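Counting from 832, one number per residue, gives the positions in the sequence shown under our numbering.
Each remark here refers to the structure printed beneath this line.
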Amino acid sequence: MSTFRKPVDPHVLVAQVVTTKQVSPHLRRVTLGIEDIDRLTLVGDDQWFRLFLPRPGQDALTLPTRTSNLGWYAQYLATPRARRPLVRNYTIRASRPELHEIDVDFVLHGHEDGGAGDEPTGPGAGFALAAQPGDRVGILDQGAYHRPRPECAWTLLVGDESGLPAVAGICESLPDDARGVAVVEVPTADDRQDFRVPDGVDLRWVERDRAAAGDPALGEVPGRAALAFVRDSVLEAGLPAGDGYALVAGEQALAAGVRRHLVNDRQWSKTHVDFVGYWRHGKASPS
832 MSTFRKPVDP HVLVAQVVTT KQVSPHLRRV TLGIEDIDRL TLVGDDQWFR LFLPRPGQDA
892 LTLPTRTSNL GWYAQYLATP RARRPLVRNY TIRASRPELH EIDVDFVLHG HEDGGAGDEP
952 TGPGAGFALA AQPGDRVGIL DQGAYHRPRP ECAWTLLVGD ESGLPAVAGI CESLPDDARG
1012 VAVVEVPTAD DRQDFRVPDG VDLRWVERDR AAAGDPALGE VPGRAALAFV RDSVLEAGLP
1072 AGDGYALVAG EQALAAGVRR HLVNDRQWSK THVDFVGYWR HGKASPS
């Protein structure tokens, strides 16, 4: 797993739902208001955080008060399970500090139309679908995984829909003269998003349903089509000169698979590849 840029002076902050929006069939955006947002050091890129969610039936949200790496978690484990919040990791998709707001995109796994008739597949999806203005959550800044190497001349970004906020945030943070390739797998063409991409960065969308039409196995696990695309296509095209730096984010097999391909098959230096598995297909996160 990748190391990452540590957060600056992190605090457990209380946030409230401002609005929700269905941005695509499989992604729902929740805008969170943070009164003391000045205590959150916004760095752009793929800045991620711990999201503390109330358990079903909880009347109050009990948040840790310690923020060191081990301190908050020890306090969390010491909290009786019935009062302990659920914790998941998410990426800040956009921030508007002047409005005290951040946007967070939630993947609705298994939802074909984002409608309320489908059962959510996890606490995050369930929260995003049911969120109402004023609902309270907690956030704890964790920094960013994106750590470009000064000796690398260009960037390769790879993600599935869970990694889309990270890829978009990094692209929007890259300098205008950046060069590279970004590969994003999404369930359908309707899940594509518009975001700022430097002219020298080639954004390539991989649509899972379209890939599965040619090879059903590519539709069985999110990230499998993107991995195949990287192996078979993206590195065969004309790429920028010089050493590249890669960040891969999404389902565990995608992250590990691209990293293995770059290092073992393409002879990239291990020090030029960062990878993070946000989740593992078929395995629920602990509660």
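C-beta atoms are modelled at their ideal positions from N, C-alpha and C, and glycine is treated no differently.
Because the structure is a prediction, the values reported are computed rather than measured.
Original post:
Under the DSSP definition of a beta bridge, which residues are partnered with Arg1035?
Top reply: If you number the sequence shown from 1, residue 1035 lands on position 204. In the DSSP output, where bridge partners are listed per residue, Arg1035 has Val1014.
Original post:
What span of residues does the beta strand (DSSP E) with Glu1082 cover, start to end?
Top reply: For the purposes of this step, residue 1082 is taken as residue 251 along the sequence shown, with counting starting at 1. Start and end: Gly1075 to Glu1082.
Subject >> Alpha carbon of Val1052 to alpha carbon of Arg1039, nearest angstrom >> reply: Stepping through the sequence shown from its first residue, residue 1052 is reached at position 221. Stepping through the sequence shown from its first residue, residue 1039 is reached at position 208. Those two C-alpha atoms are separated by around 9 Å.
Original post:
For the beta strand (DSSP E) that Tyr921 lies in, which residues bound it at each end?
Top reply: Mapped onto the sequence shown, residue 921 falls at position 90. Counting along the chain, the beta strand (DSSP E) containing Tyr921 begins and ends at Leu917 to Thr922.
**OP:** Look at Asp810 and Glu982 and say whether their C-beta atoms are less than 9 Å apart.
**Re:** Here the chain comprises residues numbered 832 to 1118, so residue 810 is not present and cannot be evaluated.
Original post:
Quick one, are the C-beta atoms of His977 and Ala961 less than 9 Å apart?
Top reply: Position 146 of the sequence shown, counting from 1, holds the residue named residue 977. Position 130 of the sequence shown, counting from 1, holds the residue named residue 961. Not in contact: His977 and Ala961 (Cβ atoms no closer than 9 Å).
Subject >> Opening and closing residue of the beta strand (DSSP E) in which Leu971 lies >> reply: The residue given as residue 971 occupies position 140 in the sequence shown. Unbroken beta strand (DSSP E) run through Leu971: Arg967 to Gly974.
Subject >> Between the CA atoms of His842 and Val918 - distance to the nearest angstrom >> reply: By 1-based counting over the sequence shown, the position of residue 918 is 87. By 1-based counting over the sequence shown, the position of residue 842 is 11. Distance between the alpha carbons of Val918 and His842 is about 15 Å.
**OP:** Just confirm the distance between the C-beta atoms of Leu847 and Leu863, as a whole number of angstroms; I'd bet it's less than 8 Å.
**Re:** Here residue 847 refers to the residue found at position 16 of the sequence shown. Here residue 863 refers to the residue found at position 32 of the sequence shown. The amino acid at residue 847 is misidentified as Leu; the sequence shows Gln. Yes, they are in contact, since the Cβ atoms of Gln847 and Leu863 sit about 7 Å apart, within 8 Å.
Subject >> Helix, strand or coil at Trp903 according to DSSP, with G and I counted as helix >> reply: For the purposes of this step, residue 903 is taken as residue 72 along the sequence shown, with counting starting at 1. Trp903: helix per DSSP, three-state reduction.
Subject >> Phe937 (DSSP reduced to helix, strand or coil) >> reply: As a position in the sequence shown, residue 937 is number 106, starting the count at 1. Strand.
**OP:** Report the rounded CA-to-CA distance for Leu892 versus Arg1062, giving the unit in angstroms.
**Re:** As a first step, residue 892 must be located in the sequence shown, where it is residue number 61. As a first step, residue 1062 must be located in the sequence shown, where it is residue number 231. If I take the Cα positions, the gap works out to 45 Å.
**OP:** Check whether the Cβ atoms of Thr898 and Leu987 lie closer than 9 Å to each other.
**Re:** Taking the first residue of the sequence shown as position 1, residue 898 is located at position 67. Taking the first residue of the sequence shown as position 1, residue 987 is located at position 156. Against a cut-off of 9 Å, the Cβ pair of Leu987 and Thr898 comes out as no contact.
Original post:
Does the distance from the CB of Gly969 to the CB of Leu844 come in under 9 Å?
Top reply: The sequence position of residue 969 within the sequence shown is 138, counting from 1. The sequence position of residue 844 within the sequence shown is 13, counting from 1. Cβ distance < 9 Å, so Gly969 and Leu844 count as in contact.
Subject >> Cβ shell of Pro824 (< 8 Å), same chain only, five flanking positions each side left out >> reply: Coverage of the chain is limited to positions 832 through 1118, which leaves residue 824 absent and any answer about it impossible.
**OP:** Mind the definition here: the region 917 to 931 touches the region 880 to 887 only if three or more C-beta pairs lie below 8 Å; say whether that holds.
**Re:** yes
Original post:
With a Cβ-Cβ cutoff of 9 Å, do Ala999 and Gln1024 count as a contact?
Top reply: The residue given as residue 999 occupies position 168 in the sequence shown. The residue given as residue 1024 occupies position 193 in the sequence shown. In contact: Ala999 and Gln1024 (Cβ atoms closer than 9 Å).
Subject >> At least three beta-carbon pairs within less than 8 Å, the region 1013 to 1024 to the region 853 to 862 >> reply: yes
**OP:** Reducing DSSP to helix, strand and coil, say where Phe835 ends up.
**Re:** For the purposes of this step, residue 835 is identified with residue 4 of the sequence shown, where counting begins at 1. Coil at Phe835, not helix or strand.
**OP:** Could you check the C-alpha separation between Gly965 and Arg914 for me, to the nearest Å?
**Re:** Reading the sequence shown from its first residue, position 134 is the one you call residue 965. Reading the sequence shown from its first residue, position 83 is the one you call residue 914. Whole-angstrom Cα-Cα distance: 20 Å.
Subject >> Enclosing alpha helix (DSSP H) for Asp1063 [first to last residue] >> reply: If you number the sequence shown from 1, residue 1063 lands on position 232. Element bounds for Asp1063: Arg1055 to Asp1063.
Original post:
So is Ser993 buried or exposed if we call it buried at 16+ other beta carbons inside 10 Å?
Top reply: Here the question's residue 993 lines up with position 162 in the sequence shown. With 16 or more other Cβ atoms within 10 Å, it is buried.
**OP:** Would you list the residues sitting across from Val854 in a DSSP beta bridge?
**Re:** In the sequence shown, counting from the first residue as 1, residue 854 sits at position 23. Its beta-bridge partners do not exist; DSSP assigns none.
Original post:
Alpha carbon to alpha carbon, what distance is there between Val1014 and Leu1049?
Top reply: As a position in the sequence shown, residue 1049 is number 218, starting the count at 1. As a position in the sequence shown, residue 1014 is number 183, starting the count at 1. Approximately 15 Å, taken between the alpha carbons.
Original post:
So who's on the other strand from Phe883, going by DSSP bridges?
Top reply: Start at 1 with the first residue of the sequence shown, and residue 883 comes out as number 52. Val918 and Gly969, per the DSSP bridge assignment.
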